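Chemist: Quick mapping for you: the protein sequence lines, in order, are chains B and R. Residue 1 is where the first sequence starts when you use our numbering, and the numbers rise one by one after that. Residue 252 is where the second sequence starts when you use our numbering, and the numbers rise one by one after that. Yeah, the Cβ is synthetic: ideal placement off N, Cα and C, and Gly gets one too. Remember, it's a predicted structure, so these values are computed and weren't measured experimentally. I'd like to ask you about the structure that follows.
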Amino acid sequence: MRETAILARRALREGLRQPDALMPTLFIPLFFLIVNVGQVAKIFPTGGTPFLHGQNYAAFQLPTSLLTAASFGTAALYLVEEIEGGYFDKLRATPIPRASIVLGRLIAELPKSVIMSSAMILIALPFGVRIRAGLGGYLLLALLIAIWAAVFSGFMQLIALKTRSAAATNSVGFIFFPLLFLTPNFVPRSQLSRPMEIAATLNPVTYIMEAARSLVLDGYDWAALGRGFAVAAAAGVLVLFLSIRTVNRYD
Amino acid sequence: MTDASAAIEATDLVKTYRSKEGDVDAVRGVSLTVAHGEIFGFLGPNGAGKSTTVRMLTTLLTITAGSARVAGVEVIDDPDGVRRRIGVALQEAGLDLRQSGRELLTLQCRLFGMSAAEAADRTQELLELVELTEAAERRIQGYSGGMKRRLDLASALVNRPDILFLDEPTTGLDPASRLVIWDEVRRINAQGTTVFLTTQYLEEADQLCGRLAIIDDGRIVSEGTPAALKSQLAARLGPGADPSLDDVFLDATGRTRERVAGEVQEVQA
């Protein structure tokens, strides 16, 4: 754990020293938030739309934007850069558990994601968006999104370790976008067409989105939260297992 | 027979890469022994298996067959034990360009188990050793090629290794920087560290190495002191011959100056 903590601190420092790499992860989700809300907000007015629970449509869209921001996986791009540049081998030549090299980066994703989520929520506040579950809800929301950020980065790191190519790692990152659209992205799951509802039900991202949305719109919906955190934890365990196996077998 | 006193002992090392096109044998049975305190040169043309051998000895690549003992530790059985006793500077100066020189060395010290205070002291020592004290707080991104190599060398020394592996440490450097690295290698060796050096520069091998081996097509084709290898070839060539290490290399690898020149022209065309 000591080595993991040391490498996590380095990964955090690296992120702070490359703010231009973080900016798109803030601005692109905000752009989608503005565009999506601008396009359909009139169809879903606050008063006449029960699923908004008295909030405006931006509140419904906020979790989508938070998930998008958490799904850039820039940590994997730093990793592949180090593989290509030789620093990854330098780390592998030290007497540390190899798993700590990938774990350090994943742990660093947690605070980075909390900062990004907090910034986006702060930006959304003047537009009338509120987190119905209050401060505790905000903390749970930030934690859930941070776990997803680590999961997604872990998935990207896996690709980086397998392909050792920045181009391949970058391309695979776009896999998230279909996953994001096969969710109750614009309306609740019950209002989707039947094929889309089936696709959304099979998509694990749906449950994370619904858990996040419940905190913003409803307060504490423990069933939704349980499903969301269970999916995030299961995906985390899977990604962790695969990442550790891959880095230990790296040749 | 295992030579317990050797710093490095490899026996029939084999590395086979598996690919869709079939197996590729990068190293086909390398056996070598390096004594404590030596500077041992490992020479060979591009793709001969130099780096693959180094990567197996330094635990960065799995060994397909054969065995190796490095600093008295079996590479296959106890790779962490080997890593604690060696320093590695690979072909690409493997550095994290976003860190400063001081941060990089401190991190490396911490990964070798030093406390924060010990790491700070050792970092300062190493910065002074490679004369990078003034540039220590600058990001590595702004370092020259020579400075990066010196920092890489320093990072390979954090744990006061018994054996230092240097894989083409001067490739791409200007002549002045190359001389600085040579001086560093001599100084490190004078302090008792065994050095295993791969290089494509025969002059470098001649200047630095007490003994060397030439590898070609995954096999060692010649081994000895530079002087012995030259005199063996001189004896074969007959009276009046005064071969250089270049001639030894070309003879051992079955290449000729004409063939090498032809290959170069072909590439240029």
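By the 10 Å Cβ neighbour count, where 16 or more other Cβ atoms means buried, how is I471 (chain R) classified, buried or exposed?
Modeler: So I471 (chain R) counts as buried.
Chemist: Here's a check: name, in chain order, each residue in its chain whose Cβ is nearer than 8 Å to the Cβ of N248 (chain B), leaving out the five neighbours to either side.
Modeler: The residues are R98, A99.
Chemist: Across the region 193-207 of chain B and the region 112-130 of chain B, are there enough close Cβ pairs to call them in contact, namely three or more that are closer than 8 Å?
Modeler: These segments do not touch.
Chemist: Please give the ranges of any beta strand (DSSP E) in the region 293-333 of chain R, keeping only runs that are unbroken, at least 3 residues long and fully inside the region.
Modeler: You should have 316-321.
Chemist: Give, in chain order, every residue of the region 78-105 of chain B whose Cβ lies closer than 8 Å to some Cβ of chain R.
Modeler: Here the close residues are E82, G85, G86, Y87, F88, D89, K90, L91, R92, A93, T94, P95, I96.
Chemist: What residues in the region 377-408 of chain R have a beta carbon less than 9 Å from any beta carbon of chain B?
Modeler: Those would be R390, D403, S406, A407, in chain order.
Chemist: How many Å lie between G364 (chain R) and A370 (chain R) at the Cα?
Modeler: Taking the straight line from one Cα to the other gives about 9 Å.
Chemist: Can you say whether V515 (chain R) is buried or exposed, counting buried as having 16 or more other CB atoms within 10 angstroms of its CB?
Modeler: For V515 (chain R), the predicted model reports a pLDDT of 44, less than 50, meaning its position is unreliable and no value from the coordinates is stated.
Chemist: Give, in chain order, every unbroken run of the alpha helix (DSSP H) that is at least 4 residues long and sits entirely within the region 435-493 of chain R.
Modeler: DSSP runs (the alpha helix (DSSP H)) wholly in the region 435-493 of chain R: 453-459, 477-488.
Chemist: Under the DSSP definition of a beta bridge, which residues are partnered with G279 (chain R)?
Modeler: Rather than Gly, the amino acid found at residue 279 (chain R) in this sequence is Arg. R279 (chain R) pairs with R:V265.
Chemist: Would a check of beta-carbon distances place D347 (chain R) closer than 8 Å to chain C?
Modeler: Reference to chain C is not applicable here, since the protein chains of this structure are B and R.
Chemist: Tell me which residue opens and which closes the beta strand (DSSP E) that I337 (chain R) is part of.
Modeler: Its beta strand (DSSP E) spans residues 337-340.
Chemist: Could you tell me which chain B residues have their CB closer than 8 Å to the CB of A344 (chain R), listed as they occur along the chain?
Modeler: What A344 (chain R) touches in chain B: G86.
Chemist: Among B:N36, B:V151, B:V216, which one has its Cα closest to the Cα of L106 (chain B)?
Modeler: Ranking B:N36, B:V151, B:V216 by Cα distance to L106 (chain B) puts B:V151 first.
Chemist: Whose C-alpha, out of R:E343, R:I414, R:V281, is nearest the C-alpha of L424 (chain R)?
Modeler: Among R:E343, R:I414, R:V281, the Cα nearest to that of L424 (chain R) belongs to R:E343.
Chemist: Mapping DSSP to helix, strand and coil, what is F291 (chain R)?
Modeler: In the structure shown, F291 (chain R) sits in a strand (DSSP, three-state: E or B).
Chemist: Could you run through the region 15-38 of chain B and flag, in chain order, every residue whose CB is less than 7 Å away from some CB of chain R?
Modeler: Cβ contacts with chain R: R17, Q18.
Chemist: By Cβ distance below 8 Å, which residues in the same chain neighbour A257 (chain R) in space, the five residues on each side in sequence not counted?
Modeler: Correct list, in chain order: T284, V285, A286, H287, R320.
Chemist: Starting from the C-beta of Q519 (chain R), find all residues in its chain whose C-beta is less than 6 Å away, skip the five residues before and the five after it, and write them out in chain order.
Modeler: With a pLDDT of only 37 at Q519 (chain R), under 50, the local geometry of the prediction cannot be trusted, and no value is derived from it.
Chemist: Can the beta-carbon of I159 (chain B) be found closer than 8 Å to that of A76 (chain B)?
Modeler: Contact: yes.
Chemist: Go through its chain and collect everything with a Cβ distance to P494 (chain R)'s Cβ below 7 Å, but skip five positions before and after it.
Modeler: The residues are K481, L484, A485, L488.
Chemist: Would a check of beta-carbon distances place T4 (chain B) closer than 8 Å to chain R?
Modeler: No, its Cβ sits nowhere closer than 8 Å to a Cβ of chain R.
Chemist: Is the beta carbon of S351 (chain R) sitting closer than 8 Å to the one on R389 (chain R)?
Modeler: Yes, the Cβ-Cβ distance between S351 (chain R) and R389 (chain R) is below 8 Å.
Chemist: With a floor of 3 residues, list each beta strand (DSSP E) that falls wholly inside the region 389-426 of chain R, ordered by position along the chain.
Modeler: 414-418, all fully within the region 389-426 of chain R.
Chemist: Mapping the DSSP letters down to three states, classify T284 (chain R) as helix, strand or coil.
Modeler: It is a strand residue.
Chemist: Just the chain R side, please: which residues come within less than 7 Å of D251 (chain B) by C-beta, in chain order?
Modeler: The answer, in chain order, is L312, T313.
Chemist: Nearest chain B C-beta to L362 (chain R) closer than 8 Å, yes or no?
Modeler: Cβ-Cβ to chain B under 8 Å: yes for L362 (chain R).
Chemist: Would you kindly report the start and end of the unbroken alpha helix (DSSP H) that includes S65 (chain B)?
Modeler: Per DSSP, S65 (chain B) belongs to the alpha helix (DSSP H) from 57-69.
Chemist: If we require 3 or more residues per run, which beta strand (DSSP E) segments fall completely within the region 350-381 of chain R?
Modeler: Entirely contained in the region 350-381 of chain R, not one beta strand (DSSP E) run reaches 3 residues.
Chemist: Tell me which same chain residues have a C-beta within less than 7 Å of the C-beta of N410 (chain R), skipping the five on either side of it?
Modeler: Contacts found: R335, G338, F363.
Chemist: Could you please give me the residues that DSSP links to D274 (chain R) through a beta bridge?
Modeler: Partner(s): R:R269.
Chemist: Step through the CB atoms of chain B and report whether any lies within less than 8 Å of the CB of G358 (chain R).
Modeler: For the sequence presented, residue 358 (chain R) should be read as Leu rather than Gly. So, interface residue.
Chemist: Count the other CB atoms, across all protein chains shown, that sit within 10 Å of the CB of T201 (chain B); report buried if there are 16 or more and exposed otherwise.
Modeler: Under this definition T201 (chain B) is an exposed residue.
Chemist: Can you check which of these residues, R:P330, R:R279, R:P296, is closest to L311 (chain R) by C-alpha distance?
Modeler: Checked all of R:P330, R:R279, R:P296; the closest Cα to L311 (chain R) is R:P330.
Chemist: Just to confirm before moving on: does the CB-CB distance between G317 (chain R) and D263 (chain R) stay below 8 Å?
Modeler: In this structure, D263 (chain R) lies closer than 8 Å to G317 (chain R) by Cβ.
Chemist: Express the C-alpha separation of L408 (chain R) and P126 (chain B) in angstroms, rounding to a whole number.
Modeler: Approximately 55 Å between the Cα atoms of the pair.
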